[in-house]
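Remarks on the structure that follows.
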């Protein structure tokens, strides 16, 4: 049976579903603290039930033991291992069940029987009237979806045109500079600068073989799935590539061809650079359409370019010519700075000096130089280089000394701390990829942020790794809080690591939190891959009493995520990114970035309010129980508000994403999220203890050849072809909280299925 067509929900209906709640102040990233050793054993008895949970339970409920669970008969017969997990830990995680025996074909595995989004698990729960366990993972996933789609729109509609304007001006100035530089270092430097700007501009203008079209025909999310796609949105005609002088034309063409090939390391002697061009392969959401593919390549080159001031790799004449071309290109300054400022909202400011800072140093030495020809800059080279000595070195590759980076790759605090393990990573033999993944994957990131369980996983029995983790924590402990979207999200994810185990076994709960962190961290790295340094509606359907449900009580995490979203939206508006609001009778209520921000912030505010009510020991009202039971449809609606026009590509029906985060021995460490995994957990209700089911992020990590860095499309194809959700790529540290898949939960004969007009949960075999 196919899902029913979705119908629009009015803003008033959506607003009525949200609880009024005063927004919390934007959260600042917490300073990591050194971890304390874990004393909990995997088989330890569960802690006493918190007083607030006891207030929800009936007086004769007993403890969270299997003999006290009121709805255990709703589950298919559990295996001994599954029962042991519930009895010992209070929960377990499992893969989705495979296709029913009547059809075990690979084709069936690729149909709607498999949940590809977390919200689909909750829609199935609602259909079979089974209690829902609303995980923090749902909030993390929707925040990622918001961030990803808003970033995509920003880059396509605003940053790419701004970058194009700036590069055209920079190239024009560099060409003029080259025309007047007749010989020697002036000619050499001017030529290298013109080639650099010409290469970046042509990367932004010229598609590579096999690139996607600039505009993609899509289906609106609200219409019948069998309806034909609408025409693609009107796309501005791509202008022909900018004309280049004969002096640089061939060299620019060769550079563009090499970057389009993205096949390995490539030397650019005139710039003093050797770049890993596999990193210029468009990945993440940048592989979805031609505009973003070209933007990715151009920004990769500009971001990876790091010009040394002194040393063997230094090319002083090139650096002088680049900075002078920027200083002279007055019309480029505003769009260039806008690209930098807006990207700073996303990932923070770069740690190194850019062109504006380098030019300012020259002006401080001699303001007349800023309008002077290149030859005068070369005559003052010793003084300029001396002034540039005060520029910062790269925080990870500090041995190169001061550098000038046109835009710069951002160094996140987790990356900075994890860099303390770089020497150990280089010493690993090729057969120790498992150690590398523990160090440089999600466990390593959580470890440097102070999580003790992650520290044990990442270090294993190696004291050198343990010492490097301590050094990493110490390196970032004194850093100022960062207010960009990346670090505010990272701070919220860190709150998941420190969440209270309540009645669950503490050691197992720590790994449960680490799984949520890992999935969220992989999504965060996916969304910011380009900028990172690498190392419901009214209807006549009958509504039945909803089962009791539960929301993971982490109000501060939900508040922190909401603070990031609202702060990000406000900063975009302050930067002039304001879109026209549609008329009331115009299609698409959630078209603008502001409406998208309001939708996700409202959802997070609802989770925050539900969590706070649980922690006060107050049972949910019948209306709130219905709202929790329908959280899947609510989440789906929020997700669909993010999908407009070209933003709704073929892959948006699949949550799976992938990102490479580290390069080692010709291999790239991929971290990603696959299809939803399921959690079965004991929860307190006014009727006693019950088992509830929720959805969690399926974290994966593995190594691939660097030349085969994965795109989301490739990753989704592999998942679709897999019969076991690529479980071999699931880290071993999740094994202690994992059991076999539970068979499909069916609707009891005495109950009628809960149907909804807005969505249909009966299509998924869960």
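In our numbering, the protein residues as written are 1 to 766.
Even glycine gets a Cβ: it sits at the ideal position worked out from N, Cα and C.
Secondary structure at residue 117: coil, using DSSP grouped into helix, strand and coil.
Residues 93 of the same chain have their beta carbon placed closer than 6 Å to that of residue 738, with the five preceding and five following residues left out of the count.
Taking the Cα positions, residue 135 is about 49 Å away from residue 241. Taking C-beta atoms under 8 Å as the contact rule, residue 615 and residue 553 qualify, at a distance of about 5 Å. The residue among 749, 703, 190 with its C-alpha nearest the C-alpha of residue 378 is 190. Per DSSP, residue 680 is one residue of the beta strand (DSSP E) stretching across 677-685.
The beta carbon of residue 433 sits closer than 6 Å to those of 703, all from its chain and outside the five residues before and after it, given in chain order. A residue is called buried when at least 16 other Cβ atoms come within 10 angstroms of its Cβ; residue 213 does not meet this threshold and is exposed. Rounded to the nearest angstrom, the Cβ distance from residue 259 to residue 195 is 13 Å, too far for a contact under 8 Å. In the three-state DSSP reduction, residue 322 falls in the helix class (H, G or I). Relative to the Cα of residue 403, the nearest Cα in the group 733, 318, 126 belongs to 318. When the beta-carbon positions are compared, residue 656 and residue 138 stay at least 7 Å from each other. DSSP, reduced to helix, strand and coil, places residue 52 within a helical segment of the structure shown. Taking the Cα positions, residue 119 is about 7 Å away from residue 631.
Within the same chain, Cβ atoms closer than 6 Å to the Cβ of residue 365 are found at 383, 387, the five residues on either side in sequence being excluded. Taken in chain order, the complete alpha helix (DSSP H) segments of 4 or more residues contained in the segment 129-172 are 136-153.
A distance below 7 Å separates the beta carbons of residue 407 and residue 303.
Going by C-alpha positions, residue 617 is about 6 Å away from residue 56. Annotation for residue 549: no beta strand (DSSP E) segment contains it, and DSSP assigns it neither H nor E. By the Cβ neighbour-count rule, residue 732 is exposed, with fewer than 16 other Cβ atoms within 10 Å of its own. For residue 669, the pairing in a beta bridge is given by DSSP as 662, 703. In the DSSP assignment, residue 750 is bridged to no other residue. Distances from the alpha-carbon of residue 481 to those of 474, 491, 473, 472 put 491 closest. By the criterion of a C-beta distance shorter than 6 Å, residue 447 is surrounded in its chain by 454, 455, 458, 469, once the five residues flanking it on both sides are discounted. Beta-bridge pairing by DSSP links residue 507 to no other residue. With a threshold of 16 other beta carbon atoms within 10 Å, residue 726 meets it and is buried.
Annotation: the continuous alpha helix (DSSP H) that includes residue 464 extends over 463-477.
In summary, residue 621 is exposed, with fewer than 16 beta-carbon neighbours lying within 10 Å of its beta-carbon over all protein chains present. The continuous beta strand (DSSP E) containing residue 266 extends over residues 265-268. By the Cβ test, the segment 507-525 is not in contact with the segment 391-403, since fewer than three Cβ pairs between them sit closer than 8 Å. The beta carbon of residue 155 lies closer than 7 Å to those of 292, 295 in the same chain, with the five residues before and after it left out. Residue 210 sits exposed, since fewer than 16 C-beta atoms from the chains shown fall within 10 Å of its C-beta.
In this structure, the straight-line span from the alpha carbon of residue 601 to that of residue 560 is close to 11 Å. Inclusion of residue 161 and residue 290 in the CB contact set at 7 Å is not warranted, their separation being larger than that value. For residue 272, the number of other beta carbons within 10 angstroms of its own is at least 16, and it is reported as buried. In the structure shown, the three-state DSSP call for residue 411 is coil.
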